[in-house]
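Under my numbering, the residues of the sequence shown are numbered 1 to 140, in order.
Here a beta-carbon is modelled for each residue, glycine too, at the ideal position from N, C-alpha and C.
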Amino acid sequence: MTFDFTDRGQKPVVENVEEWTLANDNYRTTVWTGKKMQMTLMSIQPGDDIGLEVHHGIDQFLRIEEGKGLCKMGDAEDNLTFVKEVSDDDAIFVPADMWHNVENIGDKPLKLYTLYAGPDHLPGTAHPTHQDAIDDPNED
């Protein structure tokens with residue numbers, strides 16, 4: 001199946017989210033940016049992670065479609081007191097202002113999608129690799 005990976009935000013879209021997520025090979029692909037919500041697809045390579053981060057004023061939802069990860073959350077960068085393994089079909093809810101990271105602890109890419117309420121990345125953002133995301137001057 002072929003998917004449109006362009007950011008079609010503020011337009012009506014219907015996709016099979018599981019197949020769309022599994023087909024994405026970029027570290028991050030922003031596929032829908034609205035006024036109050038954003039969706040990105042992620043493919044995290046073994047041994048890599050989403051990067052320890054906090055979204056001020058933005059709640060986040062992540063859904064694992066394939067792979068095995070370790071989710072860490074806490075009230076400070078150096079105080080990640082919530083630690084839980086995650087895998088296929090798990091959902092992660094990250095409250096606004098909560099430090100968090102998800103590490104790929106498996107041997108294949110960790111495929112997930114995430115919803116930000118409100119948007120966190122510029123419309124159309126695509127990072128083929130984690131390093132591209134780190135090097136992007138528009139990213140925190």
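From what residue to what residue does the beta strand (DSSP E) around residue i run?
{"i": "Glu19", "result": "First-last for Glu19: 17–23, but that is the alpha helix (DSSP H), not the beta strand (DSSP E)."}
{"i": "His56", "result": "From DSSP, His56 is part of no beta strand (DSSP E); its letter is neither H nor E."}
{"i": "Gln131", "result": "Per DSSP, Gln131 belongs to no beta strand (DSSP E); it is in the alpha helix (DSSP H), 130–135."}
{"i": "Lys111", "result": "110–117"}
{"i": "Arg28", "result": "28–33"}
{"i": "Gly125", "result": "The residue you asked about is not Gly; residue 125 is Thr in the sequence shown. From DSSP, Thr125 is part of no beta strand (DSSP E); its letter is neither H nor E."}
{"i": "Thr6", "result": "From DSSP, Thr6 is part of no beta strand (DSSP E); its letter is neither H nor E."}
{"i": "Met42", "result": "38–44"}
Give me, in chain order, the residues of the same chain whose beta-carbon lies closer than 8 Å to that of residue i; leave out the 5 immediate sequence neighbours on both sides.
{"i": "Lys68", "result": "Glu85, Val86, Ser87, Asn104, Ile105, Gly106, Leu110"}
{"i": "Asp135", "result": "none"}
Can you give me the Cβ contacts of residue i inside the same chain, cut-off strictly under 6 Å, excluding the 5 residues immediately before and after it?
{"i": "Tyr116", "result": "Gln38, Ile58, Gln60"}
{"i": "Thr129", "result": "Tyr27"}
Can you find the residues in the same chain that come closer than 7 Å, C-beta to C-beta, to residue i, ignoring five residues on each side of it along the sequence?
{"i": "Val17", "result": "Tyr113"}
{"i": "Asp120", "result": "Gln38, His55, Ile58"}
{"i": "Arg63", "result": "Ala91, Leu112, Tyr113"}
{"i": "Leu185", "result": "Residue 185 falls outside the range modelled here, since the chain spans only 1 to 140, and no answer is possible."}
{"i": "Gly45", "result": "The displayed chain sequence assigns Gln, not Gly, to residue 45. So the list reads Asn104, Pro109, once near-sequence residues are dropped."}
Within the 8 Å Cβ cut-off, does residue i reach chain C?
{"i": "Thr30", "result": "Protein chain content of the structure displayed is limited to a single chain, and chain C is not contained in it."}
Mind reading off the beta-carbon distance from residue i to residue j? Whole number of angstroms is fine, and I expect it under 8 Å.
{"i": "Ala133", "j": "Thr29", "result": "Contact doesn't hold; Cβ gap of about 11 Å is too wide."}
At least 3 beta-carbon pairs within less than 8 Å: the segment 84–101 vs the segment 27–44: no
The segment 40–53 touching the segment 99–110, judged by at least three CB pairs closer than 8 Å: yes
Unbroken stretches of the beta strand (DSSP E), 3 residues or longer, contained in the segment 55–105: 59–66, 68–74, 82–87, 91–94, 99–104
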